[in-house]
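In UniProt numbering, the protein residues as written are 1 to 222.
For glycine and all other residues, C-beta sits at the position ideal for the given N, C-alpha and C.
First up is the structure itself, then whatever we jot down about it.
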Amino acid sequence: MAKSSPLDLNELMQRAHNMAGIRLADIAADNHIMVPADLRRDKGWVGQLIESELGALAGSRPEQDFLHLGVELKTIPIDHNGKPLETTYVTVAPLTNIQGMTWENSLVYHKLQRVLWVPVEGERNIPVSERRIGTPILWQPNTTQARQLQQDWEEIMELIALGKVDKITARHGEVLQLRPKAANSKTLTESIAEDGSIQLSNPRGFYLKIDFTQQILTNAFS
């Protein structure tokens, strides 16, 4: 049975701290959820398990996981040195109807205003069931981080508006990058072409780069 949503921030943080050091198998058993042998076909499984344990409400809806608390939940797989193992998905990128969109009314801005980071052991030599949850971090971007995020978002969105979505690579952006979102490259969605007409492109998502999330973890634990 899904956990009730936490009433306030203190309750959310207490639940998150209570998970620290616990194996995924134990959290899964408590939530009557089967543990997959590996995550190749269940990439989002760890995140969904933590959402269930903490009582997140949003699911796949385009809003914060704990909208009533103004908190987004992000699990982050780490190695034995505490370094993130992969980039962090933020949200799908709008490729059409973007006229008049600003940083302050974007989903990226909204989702990254306050994030509960939950580190989880992610090295492949550790069975999924045996991986342990780390100490949670409640994070808000500082002035420098907020400026970096805004600058990257604005530059990427300008390229999308100019019809250059297919020329954007993962190297664009200091801390934020745009990448194809779909697992299947045959999946297509509408985007703006260079002449202003509508073309078909792979769906894109915004991701936080590893160096940026590494900085968040380092600052929290230093």
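The region 15-22 in contact with the region 125-139 per 3-pair CB rule at 8 Å: yes
Report the residue from THR96, ALA56, GLU104, ILE33 whose alpha carbon sits nearest the alpha carbon of LEU159. THR96
Could you tell me which uninterrupted beta strand (DSSP E) segments, each at least 3 residues in length, are contained entirely in the region 1-48, listed from first to last along the chain? none
The region 77-87 contacting the region 140-150, beta-carbon criterion three pairs below 8 Å: With a cut-off of 8 Å, the region 140-150 and the region 77-87 do not count as touching, because too few Cβ pairs lie within range.
Kindly list the residues whose CB is nearer than 6 Å to the CB of PRO119, restricted to its own chain and excluding five residues on each side of it in sequence; keep chain order. ILE76, ILE78, GLY134
Where ARG147 falls: helix, strand or coil (DSSP): helix
For VAL175, three-class secondary structure by DSSP: In the three-state reduction of the DSSP assignment, VAL175 falls in the coil class, being assigned neither a helical nor a strand state.
Tell me the rounded alpha-carbon separation between ILE192 and TYR207. 21 Å
List the endpoints of the continuous alpha helix (DSSP H) containing LEU107. 107-111
Return the Cβ separation of LEU73 and LEU116 in integer angstroms, given the expectation that the two are a contact with Cβ distance under 8 Å. 5 Å
Using DSSP bridges, identify the partner residues of GLN199. In the DSSP assignment, GLN199 is bridged to SER191.
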